[in-house]
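S.K.: If you're matching positions, the sequence shown starts at 17 in my numbering and goes up one per residue. Beta carbons are placed, not taken as given, at the ideal position from N, Cα and C, and that holds for glycine.
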Amino acid sequence: MKIIMLGAPGAGKGTQAKKIAAKYEIPHISTGDIFRANIKNGTELGKKAKTYMDQGLLVPDELVVDLVVDRVNQEDCANGYVLDGFPRTIPQAEALDKALEELGQKMDYAIDVDVPDENIINRMSGRRACVDCGATYHIVYASTKQEGICDNCGGSLILRDDDKPETVQKRLVVYHEQTQPLIDYYMAKGILKTVDGTVDLEDVFKAIVDILGE
């Protein structure tokens, strides 16, 4: 079962990807993790990626696809995997499809966790992070026992720049321009499934399980 997770930043696709991976015993693959593993292990692909990252440049699509294909060819992916945060653009999706086709493989599902922008802005601006241990909370959904104080280590909580409404708004604009066209792309391929991401986390997961099967 090969699955791609789609959804705006803050829609909760990463959380759902981890739950899918745990239930179906398949790897949860994020490009960030792949980069880190390859750089840490000093692989050829990792060295190439590092030269771009050290300069603050985006890793070219071609190289990202090579890294992803290398990862999905590993033994633990024999029964499938969940791709989280990749592909982000149509050229990446086309390159991934082409590379998989050469291996005699194809994606089975693209699951879009659909959440309106307004909900995402409210969700993310309610997030708080501990300056000391990095634990994250939410003022509505996962509040601390004492306001502004981390339950874990007693450190102070802050609203990260990434989660400020104006930053979230900018990230959503980029998402709608670059990533949302993937929804049409996978719909045309007949593998797109959409779930309502505004409901409770467990209900979102239940809707995904209904699609994938027990």
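Give me the Cα-Cα distance between TYR68 and ASP124, rounded to the nearest whole angstrom.
M.R.: If you number the sequence shown from 1, residue 68 lands on position 52. If you number the sequence shown from 1, residue 124 lands on position 108. TYR68 and ASP124: Cα-Cα distance of roughly 32 Å.
S.K.: Provide the residue span of the alpha helix (DSSP H) that contains TYR202, from first to last.
M.R.: Residue mapping note: residue 202 aligns to position 186 of the sequence shown, counting from 1. Unbroken alpha helix (DSSP H) run through TYR202: 197-204.
S.K.: Could you tell me which residues DSSP puts in a beta bridge with LEU22?
M.R.: Numbered from 1 along the sequence shown, position 6 holds the residue referred to as residue 22. When DSSP reads this structure, LEU22 sits in a beta bridge with ASP128.
S.K.: What first and last residue would you give for the beta strand (DSSP E) that runs through ALA145?
M.R.: The residue labelled residue 145 in the question sits at position 129 within the sequence shown. Residues 143-146.
S.K.: On the criterion of 16 or more Cβ atoms from any shown chain inside 10 Å, does TYR235 qualify as buried, or is it exposed?
M.R.: Because residue 235 is not part of the residues shown, which for the chain are 17 to 230, the question remains open.
S.K.: With a threshold of 7 Å on Cβ separation, who are the neighbours of ILE155 within its own chain once the five nearest residues in sequence on each side are excluded?
M.R.: Looking up residue 155 in the sequence shown gives position 139. The beta carbon of ILE155 lies closer than 7 Å to those of GLY142, ARG144 in the same chain, with the five residues before and after it left out.
S.K.: Is ASN36 buried or exposed, if buried means 16 or more other CB atoms sit within 10 Å of its CB?
M.R.: On the sequence shown, residue 36 is found 20 positions in, with the first residue counted as 1. Before going on, a small fix: residue 36 reads as Ile here, not Asn. It is buried - the Cβ of ILE36 has at least 16 other Cβ atoms within 10 Å.
S.K.: Going by Cα to Cα distance, which pick from ILE42, ASP178, VAL131 is closest to GLU91?
M.R.: If you number the sequence shown from 1, residue 91 lands on position 75. Checking every option, the nearest Cα to that of GLU91 belongs to ILE42.
S.K.: Per DSSP, what kind of secondary structure is VAL211 in: helix, strand or coil?
M.R.: For the purposes of this step, residue 211 is taken as residue 195 along the sequence shown, with counting starting at 1. DSSP places VAL211 in strand when its eight states are reduced to three.
S.K.: Would a C-beta distance cut-off of 7 Å place TYR97 and ILE45 closer than the cut-off?
M.R.: Taking the sequence shown and counting its residues from 1, one reaches residue 97 at position 81. Taking the sequence shown and counting its residues from 1, one reaches residue 45 at position 29. Yes.
S.K.: Beta-carbon within less than 6 Å of ASP167's beta-carbon, same chain only, minus the 5 sequence neighbours each way: which residues are those?
M.R.: For the purposes of this step, residue 167 is taken as the residue at position 151 of the sequence shown. The residues are THR160, LYS161.
S.K.: Determine the DSSP secondary structure at TYR157, reduced to helix, strand or coil.
M.R.: Within the sequence shown, residue 157 is the residue found at index 141, counting from 1. Note: TYR157 maps to coil in three-state DSSP.
S.K.: Taking all protein chains shown into account, decide if CYS169 is buried (16 or more other Cβ within 10 angstroms of its Cβ) or exposed.
M.R.: Within the sequence shown, the letter at position 153 stands for residue 169. Result: exposed.
S.K.: Would you call the CB atoms of ASN26 and ARG139 closer than 7 Å?
M.R.: Mapped onto the sequence shown, residue 26 falls at position 10. Mapped onto the sequence shown, residue 139 falls at position 123. The question names Asn, but residue 26 is Gly in the sequence shown. A contact, by the Cβ cut-off of 7 Å.
S.K.: Restricting to Cα atoms, I'd like to know which of ALA109, LEU74, GLY62, THR105 is closest to ARG87.
M.R.: Taking the first residue of the sequence shown as position 1, residue 87 is located at position 71. Among ALA109, LEU74, GLY62, THR105, the Cα nearest to that of ARG87 is on GLY62.
S.K.: Start and end of the beta strand (DSSP E) containing VAL16?
M.R.: No answer is possible for residue 16: it lies beyond the span of the chain, which begins at 17 and ends at 230.
S.K.: Residue range of the beta strand (DSSP E) that ILE45 falls in?
M.R.: Sequence index remark: in the sequence shown, residue 45 carries index 29 (1-based). Its beta strand (DSSP E) spans residues 44-46.
S.K.: Assign ALA65 to one of two classes, buried (16 or more other C-beta atoms within 10 Å of its C-beta) or exposed (fewer than that).
M.R.: Working through the sequence shown from its first residue, we reach residue 65 at position 49. Burial call: buried.
S.K.: Note down, in chain order, each residue of its chain lying with its Cβ closer than 8 Å to the Cβ of VAL147, except the 5 sequence neighbours on either side.
M.R.: In the sequence shown, residue 147 corresponds to position 131, counting from 1. The answer, listed in chain order, is GLY171, SER172, LEU173, ILE174.
S.K.: Measuring CB to CB, does LEU119 end up less than 7 Å from VAL81?
M.R.: Position 103 of the sequence shown, counting from 1, holds the residue named residue 119. Position 65 of the sequence shown, counting from 1, holds the residue named residue 81. Not a contact, by the Cβ cut-off of 7 Å.
S.K.: Where does VAL88 sit, in a helix, a strand or coil, going by DSSP?
M.R.: Position 72 of the sequence shown holds residue 88. The answer is helix: DSSP assigns VAL88 an H, G or I state.
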